[in-house]
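K.L.:
Please see the structure below; I have some questions.
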Amino acid sequence: MSQTRAPGRPMGRGPGGGGPFAGMMAPVQKPMQFGPSAKRVLGRLRPERGLVALVVLLGVVSVTLSVIGPKLLGEATNIIFDGLISRSSLPGRRRRRSSRASAPTARTTGPTCCRT
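Here it is as structure tokens:
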């Protein structure tokens, strides 16, 4: 029995042997020395150094806001909750004074839910 093949298709290629992603199956080649490769990349980025600096700066700002955002949101939630509790107290009862309205005190570490 003779093998027949479709025109324009090489023989001997099974699944994963060809196609547009065939090059992705090759092993990764690592440079012997990292320094010269890093210098070459930085040399190629030199004309774009202003944009690279902007990207790094925006990355730092993003991380800073990601850390500060939840803390600010927690403080705002505490202030709103204190306002709702003070409004809902019964007439004739003494309202609880918000610790935020008093003079500033030393900051303590730990959860804000347990402060008095």
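Using numbering that gives the first Met the number 0, read the sequence shown as starting at 0 and increasing by one per residue. Heads up, the beta-carbon is just placed ideally off N, CA and C, and yes, glycines get one too.
In angstroms, rounded to a whole number, what distance separates the CA positions of residue 67 and residue 61?
P.N.:
10 Å
K.L.:
Using only the alpha-carbon positions, how far apart do residue 83 and residue 75 sit?
P.N.:
12 Å
K.L.:
Taking the straight line between their C-alpha atoms, what separation do you get for residue 85 and residue 69?
P.N.:
Distance between the alpha carbons of residue 85 and residue 69: 24 Å.
K.L.:
What does a CB cutoff of less than 7 Å around residue 30 pick up in its chain, not counting 5 residues either side in sequence?
P.N.:
Cβ within range, chain order: 36.
K.L.:
Indicate whether residue 44 and residue 51 have their beta-carbon atoms separated by less than 7 Å.
P.N.:
yes
K.L.:
Which value, in whole angstroms, describes the spacing of the CA atoms of residue 40 and residue 49?
P.N.:
If you draw a straight line from the Cα of residue 40 to the Cα of residue 49, it comes to about 15 Å.
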